[in-house]
Amino acid sequence: MVVIDPGHGGIDSGAETAGGIKEKDIVLTFALRLQELLVVSGRFDVALTREDDTFLRLEERVALARTNKADIFISIHADSFQQPEIRGASVYTRDENATDVLDKVLADTENKTDVIAGFAMPQMAPEVVDILLDLMRREMRHQSYTLAQAIVNQLEPSVQLRRFPVRQADFFVLQAPDVPSVLLELGFLSNADDMANLLQGDWQDRSADALARGISSYFDSLQPEQ
C-alpha cells in the first residue's frame, strides 16, 4: 500500500505566489497523476490522504498512513523561500537534529500547520516502550533513506535537483515510527524556472513517471535475491 499525501489543503494554502498560484493545488494535481500511474501499473494499492481541497491536521495524515497499513508514505510539497535563486527538487527523511538553515526553515513552516501526532503503544513498561520505539525508528530511518535514494536516482536524469537532493529535516508529518516516510519537495514557487515547470503538464507527467519508477525500484530492492 502506497499512501500519497498532497500537502496542505482547505484553509491551508501552503506557499502562494503573488499571482495567487497555491501550493495546495499544484501538489494535489501531481498526487492524482502519481496515483493514476501507480494504479495503472497493477502493482500497487494506493490511497491519498486527500482527493480534493480539504484541510487535514498533520496528525490525521500520519493516522491515515497507519490506518491504511501503508508500506510507504510520500508527502508531496512545493515550497518557497526568500532567496529566489534557490531551486530544484529534493527528498527529505526525518531527522530531529538536522541543522541546515534552509531545511530547518522549510520544516518549521510545514510544522506550523499542526502539533505533533502521538503514537499509541500497548500497555507496557515505559522502558520497554522506549526500546521498541527506538528499534522501530532506527529501521524506519534506514528504509526511509533507501526510499529517498531510490526516488532521487529516478528523478535525476529528467528533473532539476537541489545539491545533495537527499536531505534531512524535522518534518512532523514523517514521524510515524512504523512506516517508511519521505517528503518530496517538487521545487520552489519562489523561483521562476521551478514555477514554470510546476505549471507545465509535460513536466508534471515526466516527474510523476520518474517518481513512480523510484517507488517501484524501492520495492524491487526489498525482494530477496534469487
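For the sequence shown, this note's numbering gives the first residue as -4, with consecutive numbering after it.
Think of the CB as a built atom: it goes at the ideal place given N, C-alpha and C, for glycine as much as any other residue.
Just list the residues that DSSP pairs residue i with in beta bridges.
i: Phe76; result: Partner(s): none; Phe76 has no beta bridge.
i: Leu156; result: Ala84
i: Ser176; result: Phe68
i: Lys17; result: Glu11
i: Arg89; result: Ala164
Starting from the C-beta of residue i, find all residues in its chain whose C-beta is less than 6 angstroms away, skip the five residues before and the five after it, and write them out in chain order.
i: Ser85; result: Arg157, Pro160, Arg162 and Glu180
i: Val147; result: Val86, Pro160 and Val161
i: Ile21; result: Ala73 and Leu193
i: Leu23; result: Pro1
i: Tyr140; result: Thr88
i: Thr94; result: Unreliable placement is indicated for Thr94, whose pLDDT of 46 sits below 50; no coordinate value is reported for it.
i: Gln218; result: none
Is the beta carbon of residue i less than 7 angstroms from the beta carbon of residue j?
i: Met135; j: Asp66; result: no
i: Gly182; j: Ala73; result: yes
i: Arg45; j: Pro79; result: no
i: Phe39; j: Ile71; result: no
i: Gln155; j: Gly83; result: yes
i: Ile6; j: Phe76; result: no
i: Ala171; j: Arg61; result: yes
i: Leu165; j: Glu91; result: What sits at residue 165 in the sequence shown is Asp, not Leu. Yes, Cβ-Cβ distance for Asp165 and Glu91 is below 7 angstroms.
i: Gln199; j: Arg52; result: no
What did DSSP end up calling residue i once you bin it into helix, strand or coil?
i: Arg45; result: coil
i: Gly209; result: helix
i: Gly196; result: helix
i: Val124; result: Because Val124 carries a pLDDT of 48, less than 50, the predicted location of this residue cannot be relied on, and the following value inherits that uncertainty. Of the three classes helix, strand and coil, the one that applies to Val124 here is helix, per DSSP.
i: Phe268; result: Given that the chain is displayed from residue -4 to residue 221, the structure contains no residue 268 and the question cannot be resolved.
i: Arg56; result: helix
i: Ala10; result: coil
i: Arg38; result: coil
i: Gln163; result: strand
i: Asp0; result: strand
i: Ala171; result: coil
i: Asn63; result: coil
i: Glu151; result: coil
i: Leu51; result: coil
i: Gln138; result: helix
i: Gln30; result: helix
i: Gln144; result: helix
In chain order, what residues of the same chain have a beta carbon less than 7 angstroms from the beta carbon of residue i, not counting five sequence neighbours either side?
i: Gln144; result: Val161
i: Asn63; result: Met(-4), Val(-2) and Ala42
Am I right that residue i and residue j are in contact with their C-beta atoms under 8 angstroms? What's the rounded C-beta distance?
i: Val177; j: Leu142; result: 5 angstroms
i: Leu184; j: Glu18; result: 6 angstroms
i: Ser212; j: Gln149; result: 6 angstroms
i: Ile16; j: Asn186; result: That pair is no contact at about 13 angstroms.
i: Leu32; j: Asp204; result: 6 angstroms
For residue i, I'd like the list of residues in its chain whose CB is within less than 8 angstroms of its CB, leaving aside the five on either flank, ordered along the chain.
i: Ser36; result: Ala207 and Ser211
i: Ser153; result: Arg201, Ser202 and Ala205
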